[in-house]
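>
Numbering (the numbering used here), first residue to last: 1076 to 1230.
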């Protein structure tokens, strides 16, 4: 990686792409709980509320854009804290998985309850475990490994 910006952008882009792809495959095709358009509209509904579901593909594009903005933000945050937390440098596999779990906590216990105050209560079930695993493997790991590569090659 040549620059900090390039590293953050690449890790956010890869993590965001893996995450949205996993969500579409798991929730849209395997579990058949939603469609790709509805899934993306639900992301947009964090800002546009009910209007997101009436806005067709335009709102799906807004949802996708918001999704990547969030992924870039988490990539930026990890990149910034990496030099200050020695345990992140020891093992990118463990730190990536833990960071993915941290992302799940932030999104599900802070961000989503603020955006959607009437969310149903969470229960430890298959869907919850899948959502955690998706963020651990699709967000945490790529961000951890790409950030480590940048810092290792730019000592």
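In this text, a Cβ means the ideal position worked out from N, Cα and C, and glycines have one as well.
It should be emphasised that the depicted structure is a prediction, and the values quoted were computed from it without experimental measurement.
Rounded to whole angstroms, what's the CA-CA distance from residue 1221 to residue 1161? Just pull it up for me.
The alpha-carbon of residue 1221 is positioned some 16 angstroms away from that of residue 1161.
> Thinking C-alpha only, which one of 1140, 1151, 1106 and 1224 is nearest residue 1117?
1140
> Does the beta-carbon of residue 1080 have 16 or more other beta-carbons within 10 angstroms, so that it is buried, or is it exposed?
exposed
> Spatial neighbours of residue 1087 within its chain, please: C-beta separation below 6 angstroms, excluding the five flanking residues on both sides.
1146, 1147 and 1150
> Is DSSP giving residue 1223 helix, strand or coil here?
Helix.
> Is the segment 1196–1214 touching the segment 1178–1188, taking contact as three or more C-beta pairs under 8 angstroms?
The answer is yes - the segment 1178–1188 touches the segment 1196–1214, with three or more Cβ pairs under 8 angstroms.
> Determine, using beta carbons only, whether residue 1175 and residue 1210 come nearer to each other than 8 angstroms.
yes
> Measuring alpha carbon to alpha carbon, tell me which of 1218, 1223, 1230 and 1228 ends up nearest residue 1092.
Looking at 1218, 1223, 1230 and 1228, the one whose alpha-carbon comes closest to that of residue 1092 is 1218.
> Decide if residue 1115 is buried, meaning its Cβ has at least 16 other Cβ atoms within 10 Å, or exposed.
buried
> Note down the Cα distance separating residue 1156 from residue 1187, rounded to an integer number of angstroms.
23 angstroms
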